[in-house]
Amino acid sequence: MFYLICYDIVLDKRRNKVAHLLEGYGMRVQKSVFECVLSPDQRDMLQKKLQRYIKPEEDQVRFYPLSPRYRKKVLVMGLLPQREVDDVTFIV
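Numbers in the numbering used here are just positions in the sequence shown, counted from 1, shifted up by 18.
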């Protein structure tokens with residue numbers, strides 16, 4: 019499944035750890051937004067790892083699943099990413 023993952027993390031140290039973790043799962047498309055293709059197991063593992071870094075009373079991470087139908091309707095205005103994330107991308 020394709021996910022748009024975005025976050026709002028209060029402290030720089032935690033924010034950097036979250037960003038670094040997400041870089042291993044997908045592509046950064048904005049400073050606090052990533053596009054990731056995740057299996058259910060990968061999503062669960064990522065959520066568990068994120069729990070180590072965030073403070074729920076201060077921080078927020080959101081996973082927005084996007085179906086192929088709606089992914090095709092995404093409008094990008096301005097600078098385009100260097101590459102695209104698609105369903106055939108494998109992250110090991």
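Note that the Cβ used here is the ideal one computed from N, Cα and C, for glycine as well.
- Between the alpha carbons of residue 23 and residue 74 lies a gap of roughly 16 Å.
- Spanning the alpha carbons of residue 65 and residue 34 requires a straight line of approximately 16 Å.
- Each residue's CA atom was taken as its position, placing residue 41 and residue 52 some 8 Å apart.
- When secondary structure is reduced to three states using DSSP, residue 75 falls in the coil class, being assigned neither helix nor strand.
- Around the beta-carbon of residue 88, fewer than 16 other beta-carbon atoms lie within 10 Å, marking it exposed.
- Taking the C-beta atoms as reference points, residue 56 is found nearer than 8 Å to residue 19.
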